[in-house]
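The sequence shown begins at 234 in my numbering and counts up one residue at a time.
Virtual Cβ for every residue (Gly too), placed ideally from N, Cα, C.
Predicted, not measured: the structure shown is a model, and the values here were computed from it.
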Amino acid sequence: MPQTPHIEKHFTSGEVVRDIVIGMADGLTVPFALAAGLSGAVTSTTIIVTAGLAEIVAGSIAMGLGGYLAGRSDAEHYESEYKREIYEIEKLLDHEKDEVIEILETYGLTRKESLPIVESLASRPKDFADFMMRFELGLEKPKPKRALQSGVTIGGAYVFGGLIPLLPYILLSDAGPALKWSVGITVLALFIFGYVKGQFTGAKPFKSAFQTCLIGSLAAGVAYFVARLIGG
């Protein structure tokens, strides 16, 4: 009897989603707090828009650079540990074999069952090192362009998120009504963003939406009151 092929679907873009979440979360809250804080001091939106755009540019550069440097640090750390593993395989092979046996024993394999696997790995130093990196140190090899991709993604998400609460100030000339619209679209954007994030990550979309909306709203509210407190 013919069987329907089993096709596994796994979400493999977790790092990208993480970067988008980092950029969007800060982009939605920080420029909102700045614009809302200034709304109590000025009535014209021109100054608010200028300050908001300046903050978005500076914030996106800082966030993007932070993402890039973090990615570079991960790559450098992996390379350093990989070289150390290669050295230990060349100079301390018996010790490394014992470590592999201990790792396999945690998965229920006996020493007798593990020995053929260990000897096979020992004949292939690069595969041996890859095994130790993953199962001893818990490190996955970073993608070559991961650092740049992370920086661009976080910075771009920050710009996109930052323009949302600033949009009413761009379209309206009075800061009072613009603030009300900014609050509304920021909350709506947080809800939609959380829903989409849930769809991508496999979480319940509405639960993700409410959580993101609640946490983002609280963060934006705290930032707003701090900005108003500092501004007098």
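query, result
"N- and C-terminal bounds of the alpha helix (DSSP H) containing residue 311", "278-324"
"Candidates 445, 392, 361: closest to residue 321 by CA position", "361"
"Spatially closest choice to residue 291 from 308, 382, 395, by CA coordinates", "395"
"Sufficient close CB pairs (3 or more, under 8 Å) joining the stretch 248-261 to the stretch 349-364", "no"
"At least three beta-carbon pairs within less than 8 Å, the stretch 324-333 to the stretch 412-428", "no"
"Strand pairing of residue 407, partner residues [DSSP]", "277"
"Contact check, residue 293 vs residue 402, beta carbons under 8 Å", "no"
"CB of residue 449 within 8 Å of CB of residue 438, strictly", "no"
"Inter-residue spacing [alpha-carbon to alpha-carbon] between residue 337 and residue 316", "23 Å"
"Outcome for residue 407 when other beta-carbon atoms lying within 10 angstroms are tallied against a minimum of 16", "exposed"
"Coil, strand or helix - residue 381 by DSSP", "helix"
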